[in-house]
Amino acid sequence: MKPEDMIEFEVNQLLEAINFRYGYDFRDYSRASLERRILNRVSLSDLGFVSEMLPKILHEPDFFDLFLRDMSVTVTEMFREPQVFRKVRQEVFTQLKTYARVNIWHAGCATGEEVYSMAIMLKEEGLLARTRIYATDYNNHSLEIAEKGIYPAEKVKLFTQNYLASGGKASFADYYLAKFKSAKMAESLKEHITFANHNLMKDQSFAEMHLIVCRNVLIYFNPKLQDRVLGLFKESLIPRGFLLLGDKETLEFSQVKSSFEEFAAKERIFRRLIHV
Ligand SMILES: C[S@@+](CC[C@H](N)C(=O)[O-])C[C@H]1O[C@@H](n2cnc3c(N)ncnc32)[C@H](O)[C@@H]1O
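For the sequence shown, counting from 1, position 79 maps to 79 in full-length UniProt numbering; every step adds exactly one.
Dropping the structure here:
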């Protein structure tokens with residue numbers, strides 16, 4: 001038997017055990033990066049085989065927490081791809097201004113940088129007071145960081161450059177408090193954000209969203225899970241609501257494709273059609 005067939009078998013068993021014990025179905029994650037991460041954990045834990053992870057996963061919840069952190073890639077930054085934020089500010093916000101109340105959902109918000117970027121733009125465009133932002137992720141460790149809103153001072157230079165490139169109208173320094181070697185985001189932004197654990201593999205939709213932002217999350221899912229998640233987003237959006245995806249993500253091959261129109265193709269902004 002080829003070694004890779006054995007690994008595949010053992011990974012299948014592990015994923016089944018995780019689903020049985022914790023209700024997280026990682027069988028719908030992109031296989032290659034999943035296997036790479038599992039093998040990395042095998043080596044970091046001084047184990048010989050993937051199957052040796054099985055009893056630890058089943059009987060040690062702390063080991064499962066470690067596994068969850070391994071699986072979750074939390075790379076992010078403020079105003080990541082500034083031109084996308086610029087487009088949202090210039091074109092999506094014009095539409096959002098026509099509503100008395102605005103709901104925004106950031107799904108897979110990681111450590112929150114994207115969410116604070118949105119809050120800053122909303123504030124500058126006079127929309128923050130009427131907006132509630134829901135920021136969710138299934139990784140509690142990242143959510144804790146997001147909720148605190150404290151970031152290393154050495155990242156502020158990049159964040160400031162991105163902010164300016166995205167069309168920022170004031171000074172990025174207006175939005176954080178410098179403390180020792182960190183930057184703490186302003187309470188006036190936080191007041192409008194609700195952080196919550198939400199697992200796109202199994203949890204339900206939200207209601208009445210005007211804009212959903214889910215960038216660089218679907219790339220980790222297989223087409224079946226992508227369809228589930230995009231279905232959730234369709235259900236959660238009001239008719240004419242907006243969906244913003246990451247630059248490698250698309251609705252092209254999904255079941256919901258016909259329910260959306262392209263609003264800004266280059267920036268991956270889609271708009272829900274009214275009657276489908
Ligand atoms: C690369 S980060 C993206 C962060 C941010 N959206 C951005 O583009 O800068 C991917 C995030 O998706 C989250 N994620 C992965 N699977 C998830 C799931 N099933 N439910 C909720 N969040 C998930 C990870 O925990 C991680 O924080």
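No residue lacks a Cβ here, since even glycine has one placed at the ideal position from N, Cα and C.
Under a three-way DSSP split, which group does residue i fall into?
i: Asp28; result: helix
i: His106; result: strand
i: Phe85; result: helix
i: Leu273; result: coil
i: Tyr176; result: strand
i: Asp203; result: coil
i: Phe253; result: coil
i: Arg132; result: strand
i: Leu127; result: coil
i: residue 327; result: As shown, the chain starts at 1 and ends at 276. That puts residue 327 outside it, with no answer to give.
i: Asp62; result: helix
i: residue 316; result: A query on residue 316 cannot be resolved here, the shown segment of the chain reaching from 1 to 276 and no further.
i: Arg69; result: helix
i: Arg240; result: strand
When every heavy atom of ligand 1 is checked, does at least one fall within less than 8 Å of the C-beta of residue i?
i: Gly149; result: no
i: residue 315; result: Lying outside 1 to 276, the shown extent of the chain, residue 315 is not represented and no answer is given.
i: Gly126; result: no
i: Ala110; result: yes
i: Thr76; result: yes
i: Arg31; result: no
i: Met118; result: no
i: Thr250; result: no
i: Glu113; result: yes
i: Val88; result: no
i: Asp137; result: yes
i: Leu200; result: yes
i: Asn216; result: yes
i: Ser142; result: yes
i: Tyr220; result: yes
i: Arg80; result: yes
i: Ala107; result: yes
i: Ser254; result: no
i: Val213; result: yes
i: Gly246; result: yes
What number of angstroms, rounded off, separates the C-alpha of residue i from the C-alpha of residue j?
i: Gly241; j: Tyr99; result: 11 Å
i: Lys234; j: Ala170; result: 35 Å
i: Ile7; j: Val50; result: 7 Å
i: Tyr24; j: Arg36; result: 18 Å
i: His59; j: Ile38; result: 18 Å
i: Ala119; j: Glu113; result: 10 Å
i: Ser30; j: Asn216; result: 13 Å
i: Ser258; j: Arg132; result: 28 Å
i: Leu225; j: Met201; result: 7 Å
i: Lys157; j: Arg21; result: 44 Å
i: Asp62; j: Val42; result: 15 Å
Quick check on residue i - is its C-beta less than 9 Å from some C-beta in chain B?
i: Thr111; result: Considering every chain present, this structure includes no chain B. It has just one protein chain.
Can you tell me whether residue i is buried or exposed, with buried defined as 16 or more other CB within 10 angstroms of its CB?
i: Ala135; result: buried
i: Arg268; result: buried
i: Gly48; result: exposed
i: Ala207; result: exposed
i: Thr94; result: exposed
i: Val102; result: buried
i: Lys168; result: Here the sequence assigns Gly to residue 168, which means Lys is not the residue at that position. Per the 10 Å Cβ criterion, buried.
i: Asp28; result: buried
i: Met1; result: exposed
i: Ser45; result: exposed
i: Gly126; result: exposed
Along the chain, where does the beta strand (DSSP E) that runs through residue i open and close?
i: Thr194; result: Ile193 to Asn197
i: Ser182; result: Ser182 to Met185
i: Ala264; result: Phe260 to Ala264
i: Val213; result: Met209 to Cys214
State the start and end residues of the unbroken alpha helix (DSSP H) segment that holds residue i.
i: Gly231; result: Pro223 to Ser236
i: Met118; result: Glu113 to Glu124
i: Leu54; result: Met53 to His59
i: Ile150; result: Ile150 -> not in any alpha helix (DSSP H); beta strand (DSSP E) instead, spanning Ile150 to Pro152.
i: Met1; result: Element bounds for Met1: n/a, residue is neither H nor E.
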